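Student: Chains as they are written, first to last, in the numbering used here: chain B, 7 to 213; chain F, 185 to 260. For glycine and all other residues, C-beta sits at the position ideal for the given N, C-alpha and C. All values derive from a computational prediction rather than experimental measurement. First the structure, then my questions, so here it is.
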Amino acid sequence: MLSVSLHVDPDLEALRSGNEAAFEALIGRYHGPMLRLAMTYTRDRGAAEDAVQETWLICLRTLSRFEGRSSFKTWIFGILLNVARSRRRKESRILPFTSLFWRDGDNARGPTVDRRRFGGDGLWSQPPDSWANIPESRLLDRETIDRVKVAIEGLPAKQREVVILRDVAGFDAEEVCSLLSISAANQRVRLHRGRASVRKTLEEYLK
Amino acid sequence: MTCREVVELMTDYLDGVLSAADRAKFEQHMTGCDGCSTYLDQLRTARMLMGKVAYEPVPAPLKAELMNAFRSWKAS
Numbered sequence: 007m008l009s010v011s012l013h014v015d016p017d018l019e020a021l022r023s024g025n026e027a028a029f030e031a032l033i034g035r036y037h038g039p040m041l042r043l044a045m046t047y048t049r050d051r052g053a054a055e056d057a058v059q060e061t062w063l064i065c066l067r068t069l070s071r072f073e074g075r076s077s078f079k080t081w082i083f084g085i086l087l088n089v090a091r092s093r094r095r096k097e098s099r100i101l102p103f104t105s106l107f108w109r110d111g112d113n114a115r116g117p118t119v120d121r122r123r124f125g126g127d128g129l130w131s132q133p134p135d136s137w138a139n140i141p142e143s144r145l146l147d148r149e150t151i152d153r154v155k156v157a158i159e160g161l162p163a164k165q166r167e168v169v170i171l172r173d174v175a176g177f178d179a180e181e182v183c184s185l186l187s188i189s190a191a192n193q194r195v196r197l198h199r200g201r202a203s204v205r206k207t208l209e210e211y212l213k
Numbered sequence: 185m186t187c188r189e190v191v192e193l194m195t196d197y198l199d200g201v202l203s204a205a206d207r208a209k210f211e212q213h214m215t216g217c218d219g220c221s222t223y224l225d226q227l228r229t230a231r232m233l234m235g236k237v238a239y240e241p242v243p244a245p246l247k248a249e250l251m252n253a254f255r256s257w258k259a260s
């Protein structure tokens, strides 16, 4: 698309001009989402860090070939997905990795809210308690954020990668569909189920 | 629309992909339903909190290695 190819990305421009501070800021900004996404595929955090490192090295090596068909950020995360998936394939040849990734049945239909919370008429019989009175200091404190991290890590892998890309890394729906080669409907199902699980964890923690 | 149906449409609603007819029914339900309004607020809060987990410090050895790689790339 014309608008995409003409889009000038300030991060890309800064890197191409050799701006070290810009590169440092970029790896800092994306480290959390990249690490979490890589951990969806790798056996541990160390292997995920290796995948992030390899991604940046590939980015530098191939930067001159980046044509701007996607956003620069999408390009970086696309490389990460390739690296992490390829590492996972290699690991699965060595380790007895019983296809954890594909077994998780996360496209399952079924309700995301316990049916027992609704009456026979489909209306709430046990509605959620409002969080409006919870002080922001508690909502945003370290322990709450840690709970959210654990909740994300506990999601089935297919939900987790969508949730990380959408809600942690901040990609829009279209970008996520393109990165993961999934349909818009599938993307939304996974996102909805993932968000609903994280909400449930928070509900239990905050009550 | 019932609450049980509405909660399953919330991500579609937030992404703006409901049909005009469904959106109207959804919004009509929301105006009269505290439980569903609360649930939607909580999904938004969950989304906001997930954005907060984005920050993770780059381990010093990794950062040093990447900065070296950048300098070599720049020099070449």
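What are the residues that DSSP puts in a beta bridge with F124 (chain B)?
Tutor: The residue labelled residue 124 (chain B) in the question sits at position 118 within the first sequence. Looking at the DSSP assignment, F124 (chain B) forms a beta bridge with B:W130.
Student: Comparing C-alpha positions only, which one of F:D199, F:E249 and F:M234 sits nearest to R166 (chain B)?
Tutor: By 1-based counting over the first sequence, the position of residue 166 (chain B) is 160. Checked all of F:D199, F:E249 and F:M234; the closest Cα to R166 (chain B) is F:M234.
Student: Please confirm if G233 (chain B) has its CB atom under 9 Å from at least one CB of chain F.
Tutor: The question about residue 233 (chain B) has no answer, for chain B in this structure spans 7 to 213.
Student: Please classify I100 (chain B): is it buried, with 16 or more other beta-carbons within 10 angstroms of its beta-carbon, or exposed?
Tutor: Along the first sequence, read from residue 1 onward, the residue named residue 100 (chain B) stands at position 94. Answer is exposed; the Cβ neighbour count stays below 16.
Student: If I measure Cβ to Cβ from R196 (chain B) and keep anything under 6 Å in the same chain, skipping five residues before and after, which residues do I get?
Tutor: Position 190 of the first sequence, counting from 1, holds the residue named residue 196 (chain B). If the five residues before and after R196 (chain B) are omitted, its C-beta is found closer than 6 Å to the C-beta atoms of K164, Q165 and V168, all from its own chain and listed in chain order.
Student: Whole-angstrom Cβ separation of L202 (chain F) and F210 (chain F), contact assumed at under 8 Å?
Tutor: Along the second sequence, read from residue 1 onward, the residue named residue 202 (chain F) stands at position 18. Along the second sequence, read from residue 1 onward, the residue named residue 210 (chain F) stands at position 26. Indeed, because the Cβ distance is near 6 Å, the residues count as touching under 8 Å.
Student: Would you say K79 (chain B) reaches chain F, if we count a Cβ-Cβ gap shorter than 9 Å as a contact?
Tutor: Taking the first residue of the first sequence as 1, we reach residue 79 (chain B) at position 73. The beta carbon of K79 (chain B) does not come within 9 Å of any beta carbon belonging to chain F, so the residue lies off that interface.
Student: Can you give the Cα-Cα distance for R255 (chain F) and K155 (chain B), rounded to whole angstroms?
Tutor: As a working mapping, residue 255 (chain F) is identified with position 71 in the second sequence. As a working mapping, residue 155 (chain B) is identified with position 149 in the first sequence. One C-alpha to the other measures close to 34 Å.
Student: Counting only beta-carbon atoms, is M194 (chain F) nearer than 9 Å to chain B?
Tutor: Counted from its first residue, the second sequence places residue 194 (chain F) at position 10. Among the residues facing chain B, M194 (chain F) is included, as its CB has a counterpart in that chain under 9 Å away.
Student: Taking only three categories from DSSP, how would you classify T118 (chain B)?
Tutor: Taking the first residue of the first sequence as 1, we reach residue 118 (chain B) at position 112. Of the three classes helix, strand and coil, the one that applies to T118 (chain B) here is coil, per DSSP.
Student: Within 8 Å, do at least three Cβ pairs link the segment 76-90 of chain B to the segment 45-65 of chain B?
Tutor: yes
Student: Rounded to the nearest angstrom, what separates W108 (chain B) and E249 (chain F) at their Cα positions?
Tutor: Within the first sequence, numbered from 1, the residue matching residue 108 (chain B) stands at position 102. Within the second sequence, numbered from 1, the residue matching residue 249 (chain F) stands at position 65. Summary for W108 (chain B): the model assigns pLDDT 48, below 50, so the residue's position carries little reliability, and this model does not support an answer.
Student: Of all the alpha helix (DSSP H) runs that stay within the bounds of the segment 136-213 of chain B, which reach a length of 4 or more residues?
Tutor: 142-145, 148-159, 163-169, 179-186 and 190-212
Student: Which residues in the same chain as A202 (chain B) place their Cβ atom closer than 6 Å to its Cβ, once the five residues preceding and following it in sequence are excluded?
Tutor: Along the first sequence, read from residue 1 onward, the residue named residue 202 (chain B) stands at position 196. So the list reads T118, once near-sequence residues are dropped.
Student: Give me the Cα-Cα distance between R95 (chain B) and I188 (chain B), rounded to the nearest whole angstrom.
Tutor: Within the first sequence, numbered from 1, the residue matching residue 95 (chain B) stands at position 89. Within the first sequence, numbered from 1, the residue matching residue 188 (chain B) stands at position 182. For R95 (chain B) and I188 (chain B), the distance between alpha carbons rounds to 20 Å.
Student: In chain B, which residues lie less than 7 Å from R231 (chain F) when you measure between Cβ atoms?
Tutor: Here residue 231 (chain F) is taken as the residue at index 47 of the second sequence, counted from 1. Near R231 (chain F) (Cβ distances below 7 Å), the residues of chain B are D173 and R201.
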